[in-house]
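Notes follow once the structure below has been shown.
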Amino acid sequence: MTTETLPNDALMMAPRALKPHLMDTRDERKRQDEKWGEQNHPWLHTVDGEAAPSRFAINTSETIKQMVDTRAQDGTLDFAAILLEEVAEAIDAETPDDVCGELVQVAAVALAARQSIMRNGR
Ligand SMILES: [Mg+2]
Numbered sequence: 008m009t010t011e012t013l014p015n016d017a018l019m020m021a022p023r024a025l026k027p028h029l030m031d032t033r034d035e036r037k038r039q040d041e042k043w044g045e046q047n048h049p050w051l052h053t054v055d056g057e058a059a060p061s062r063f064a065i066n067t068s069e070t071i072k073q074m075v076d077t078r079a080q081d082g083t084l085d086f087a088a089i090l091l092e093e094v095a096e097a098i099d100a101e102t103p104d105d106v107c108g109e110l111v112q113v114a115a116v117a118l119a120a121r122q123s124i125m126r127n128g129r
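Residue numbers for the sequence shown follow our numbering, so the first one is 8 and each next one is one higher.
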């Protein structure tokens, strides 16, 4: 779906706190479409059936989740770690449905982080 086909109704019905972020996201998607056209890359190339997060120089989602849990317990949790966990989960996901579910979580965490930064200035 290109930005030209995104229904404005969806934006109008979004919660007020999300609207500026969704509008900025829509504008960025428009810039991407203008620059690159419609993109149809595969989600992930595998090697011998293995996705291998290490190909991206990151740990597995399981390892990152343990790090996030530890940080939550010791009070050092940050959005970067949470977002990284969601990205790793999307890379580790085994079915297109699971990938799509994780990508929604990536987007939701990214928006939550953006909202927090704009509220708190950090
Ligand atoms: Mg997830």
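We treat Cβ as the ideally placed atom computed from N, Cα and C, and that holds for glycine.
Remember, it's a predicted structure, so these values are computed and weren't measured experimentally.
- Shown in chain order are the residues whose CB sits closer than 6 Å to a heavy atom of ligand 1: 93, 96, 109 and 112.
- The stretch 88 to 100 makes contact with the stretch 69 to 78: 3 or more CB pairs, one atom from each, lie closer than 8 Å.
- Around the beta carbon of residue 64, a 10 Å sphere encloses fewer than 16 other beta carbons of the protein chains shown; the residue is thus reported as exposed.
- In this structure, the CA atom of residue 38 is about 11 Å from the CA atom of residue 31.
- A residue is called buried once 16 or more other Cβ atoms fall within 10 Å of its Cβ, and residue 124, having fewer, is exposed.
- The C-alpha of residue 46 lies about 11 Å from the C-alpha of residue 36.
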